[in-house]
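Undergrad:
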Amino acid sequence: MSTRELGGSTAATVRLSIRVTALCWVLVLLDGLDLFVYGATLPGVLADKSFGLTAVGGGTIGSLTTFGMMLGALGAGILTDRTGRRKIIITGVTVFSLAAAVCAAAPSVEVFGAARFVAGIGLGGLLPSAIAMVMEYAPAWRKNLAVTTVMTAHQAGGALAGALGMTLVQSMGWRSVYWIGALLLVVVLPAVVFLLPESMTFLLAKGRTDRARAIAAKFAVPLETFAPEPAEGRRGGLRGLFTPSVRTTTLLFWIASFAGLLLVYGVNTWLPTMMRGSGYNLGSAISFLLVINLGGIAGMLVAGRLADRFGARPVAIIWFALTAGGVGLLAVHLPLVVTYVVVFLTGAWLFSAQTLIYAAVGAYYPADSRATALGWVSGVGRLGAVFGPWLGGVLVAGGLSSFGFVVFAIAGVLGAVMVALVRRNGGFSTHAGRPAQAPVHGSQNA
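Mapped onto numbering that gives the first Met the number 0, the consecutive letters of the sequence shown carry residue numbers 0 to 445.
1) Under 8 angstroms between the Cβ atoms of L260 and F407?
2) Would you report the Cα separation of G441 and L420, rounded to the nearest angstrom?
3) For the structure I just gave you, are there three or more beta carbon pairs, one from the stretch 350 to 364 and one from the stretch 38 to 47, closer than 8 angstroms?
4) Just to confirm, are L195 and R85 a CB contact at a threshold of 8 angstroms?
5) I'd like the list of long-range same chain contacts for V290, defined as Cβ closer than 8 angstroms, with 5 residues on each side in sequence excluded.
6) What are the uninterrupted segments assigned as beta strand (DSSP E) that are 3 or more residues long and contained completely in the stretch 310 to 354, given in chain order?
7) Could you tell me if S244 is buried or exposed, where buried requires 16 or more neighbouring beta carbons within 10 angstroms of its beta carbon?
8) I120 and G67 - do their beta-carbons sit closer together than 8 angstroms?
9) Starting from the C-beta of V27, find all residues in its chain whose C-beta is less than 8 angstroms away, skip the five residues before and the five after it, and write them out in chain order.
10) Going by CA-CA distance only, name the one from V385, W318, L29, G383 that's closest to G295.
11) Around the Cβ of E109, are there at least 16 other Cβ atoms within 10 angstroms (buried) or fewer (exposed)?
12) With 16 as the cutoff for other CB atoms within 10 Å, does T354 come out buried or exposed?
13) Thinking C-beta only, is A302 closer than 8 angstroms to V314?
14) According to DSSP, simplified to helix, strand and coil, what is D367?
15) Along the chain, where does the alpha helix (DSSP H) that runs through T166 open and close?
16) Among G387, V418, F116, which residue has its Cα nearest to the Cα of W269?
17) Measuring only the C-alpha atoms, how far is V117 from A311?
18) Please say whether G298 and F257 have beta carbons closer to each other than 8 angstroms?
19) Taking 8 angstroms as the threshold (C-beta atoms), are L202 and R210 in contact?
20) How is the alpha helix (DSSP H) around E135 delimited, first residue to last?
21) Are the Cβ atoms of L97 and D33 separated by less than 8 angstroms?
22) Starting from R14, follow the alpha helix (DSSP H) in both directions and report where the run begins and ends.
23) Between which residues of its own chain and A215 is the CB-CB distance below 8 angstroms, once the five residues before and five after are set aside?
24) On a Cα-Cα basis, can you pick out the residue from S368, G278, V133 that is closest to T12?
25) Grouping DSSP H, G and I as helix and E and B as strand, with all else coil, what is E197?
26) I'd like to check one pair, T40 with L164: are the Cβ atoms closer than 8 angstroms?
27) Closest by CA to W140, which one among A158, A219, L373, A358?
28) What's the C-alpha gap between V264 and I409?
29) Within a Cβ cutoff of 6 angstroms, which residues of the same chain sit near G232, ignoring the five residues on either side of it in sequence?
30) Judging by CA-CA distance, which residue of P271, L188, G56 is the nearest neighbour of A330?
31) What is the DSSP secondary structure of Y247, counted as helix, strand or coil?
32) Would you identify the three-state DSSP class for F50, choosing helix, strand or coil?
33) Apply the 10 Å Cβ neighbour rule to V417 and answer buried if 16 or more other Cβ atoms are within range, or exposed otherwise.
34) What residues in its chain sit with their C-beta under 8 angstroms from that of W253, if we drop five residues either side in the sequence?
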């Protein structure tokens, strides 16, 4: 196959991209498993009277995990741009897997809660590093699809957590599920250590040319394909997010991420309860949660293809607007079959709208501040992840389940407006979401 047929990338470059994307997919699967395993095992933990966890304590531990994720995302983004993507990825998965082992063996609620907080730090730190790595290895014509493909693993991990919870909690106890999460580290970590290379784009941006050249030679790929953007007159790291040319955009992305994660966590947490309050029976209300997540997986793949063609920013605007329409429509009691279709489509737009923010941020900021930007947009967005479930609870407690869908729809409108206000040709993003770099020997830099 010719370089032209591969969109300017060599076959070896595409193979390397698939390798990196596949490894990161597995790691994000574990991230999703470890994140959602708490909800899957919580009924069993609460039922374990010898352990002594109360419902209030269970909610507090859930909040501690989210807070840990926020700190992990904020800190890991900065560290990733300083020390490298690979090191933080390996550290993140090690931290949350070891924390799972502590949860499994926890002698008290206090130890269990502390372990979930530490797990949150690892969980939050992995995602921005993995997204930055995947984007920097993906061909320019498939960067957005690579990101959305990796993020399907997060929901697959959630589904796996639910399956393990249903299968093992009653037969083997809630601790067994956490042991499985910890044991997966033994299988996966050696493969990642030996098979996952450091980002050559990061190495070149840091002047570590010899190491980048060695990786390029090992995989028989042209080094110039991974050349970073020119660095003249630009700050890296956290300061790079607040230069006069991008600081407004940084704030817009933060608000959009807040709205996106408010939607994701608010709707995912309260959908069955709100649908029950809208008049659907319990079985249907619970099944809506499965349908919306299946829609999310399908939507990720569609959104990635469209974003590679038209750009992550315009697709994100449309996806947020469609999410607002879909969520708002759920306030209307429709025939059951129609409601299932609306829920599926809403899931297709809801989850990928937030992921497209990550894709847009990854394309907008240069290599020396990319992971920092991703970490902070994810970390600040975690405030929405906390506020969304709280807001849903207030609305349900007030008997306003149907109105709750309208409130969440407003968050979708807010996300669409914030992304729309981002300068169309700002930063390092051009048509089809590709970095605005000069070609090197006829190829576009990754």
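We put the CB at the ideal spot given by N, CA and C, even for glycine. The structure displayed is predicted, hence computed values, not measured ones.
TA: Working from what's here:
1) no
2) Note on G441: pLDDT 31, under 50, position unreliable in the model; the coordinate value appears next. Rounded to the nearest angstrom, the two C-alpha atoms are 33 angstroms apart.
3) no
4) yes
5) Hits under 8 angstroms: Y339, V342, F343, G346.
6) Scanning the stretch 310 to 354 from its first residue to its last, no whole beta strand (DSSP E) run of 3-plus residues comes out.
7) exposed
8) yes
9) L125, L126, A129, V149, M150, A152, H153, G156
10) W318
11) exposed
12) A residue is called buried when at least 16 other Cβ atoms come within 10 angstroms of its Cβ; T354 meets this threshold and is buried.
13) yes
14) coil
15) 142 to 171
16) G387
17) 32 angstroms
18) no
19) Yes, they are a contact pair.
20) Start and end: 108 to 136.
21) Against a cut-off of 8 angstroms, the Cβ pair of D33 and L97 comes out as no contact.
22) 10 to 46
23) Counting only Cβ-Cβ distances below 8 angstroms, and skipping sequence neighbours, we find M199, P221, L222, F225.
24) Among S368, G278, V133, the Cα nearest to that of T12 belongs to V133.
25) Taken through DSSP and simplified to helix, strand or coil, E197 comes out as coil.
26) Residue identity check: residue 164 is Gly in the sequence provided, not Leu. Cβ distance < 8 angstroms, so G164 and T40 count as in contact.
27) A358
28) The residue asked about is misnamed: residue 264 is Tyr in this sequence, not Val. C-alpha separation (whole angstroms): 15 angstroms.
29) Residue placement at G232 is flagged as unreliable, the pLDDT there being 49, under the threshold of 50; a coordinate-derived value is accordingly withheld.
30) P271
31) Reading off the sequence, residue 247 comes out as Thr, not Tyr. Here T247 sits in helix by DSSP.
32) In the three-state scheme derived from DSSP, where H, G and I count as helix and E and B as strand, F50 is classed as coil.
33) Residue identity check: residue 417 is Met in the sequence provided, not Val. Burial call: buried.
34) W375, V376, V379, G380
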